[in-house]
Amino acid sequence: SDSGMAGGFIGNNQTGPATIYAFDVDPQTESFGNKRVFSYIDGGVPHGLQLDTAGNLYAGTGDGVEVWNSQGTLIGKFFLGSSSSEMLFIGNGRLIILAETKIYMVSLAAEGLDVDYPQGSSSVSEDPSGC
9 SDSGMAGGFI GNNQTGPATI YAFDVDPQTE SFGNKRVFSY IDGGVPHGLQ
59 LDTAGNLYAG TGDGVEVWNS QGTLIGKFFL GSSSSEMLFI GNGRLIILAE
109 TKIYMVSLAA EGLDVDYPQG SSSVSEDPSG C
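Residue numbers (the working numbering): 9 to 139.
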């Protein structure tokens, strides 16, 4: 996602980009290509991207969580009254949402997508101590 709207010490610039992009991933090199707009956020900055097993994308936004189908069509919103920066599926039909000052547990008809990293990937520590 593009969080150009977040200006750090200078605050948020509501005219800056708040876009989620889709990419193709080369299975051999694991490199990204074919960057394209997936969706625009209508309030805040997209954070905490999560996928469910149906291919729906969840993102924290300025007023809660927005959900898009795999084609980028907005299919739902969780209005929280504050921004949400992170979320995590915790088993079948449960989603934890970390909002600005509250934590929500949501029951829904969706399962989180398990991401399986390739053996030896730099994204996963090979040290059993986790370091």
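Note that beta-carbon positions come from the ideal geometry of N, C-alpha and C, so glycine has one too.
- In the three-state DSSP reduction, L65 falls in the strand class (E or B).
- Straight across, the Cα-Cα distance linking E38 with T61 is about 21 Å.
- With the rule of 3 Cβ pairs closer than 8 Å, the segment 86 to 101 does not count as touching the segment 39 to 50.
- Taking 4 residues as the minimum length, the segment 60 to 116 contains no alpha helix (DSSP H) run wholly inside it.
- With 16 or more other Cβ atoms from the protein chains shown falling within 10 Å of its own Cβ, S92 counts as buried.
- Residue pairing by DSSP places A30 opposite R44 in a beta bridge.
- In this structure, the beta-carbon distance from G51 to G68 does not fall below 8 Å.
- Within the DSSP secondary-structure output, Q58 pairs in a beta bridge with Y66.
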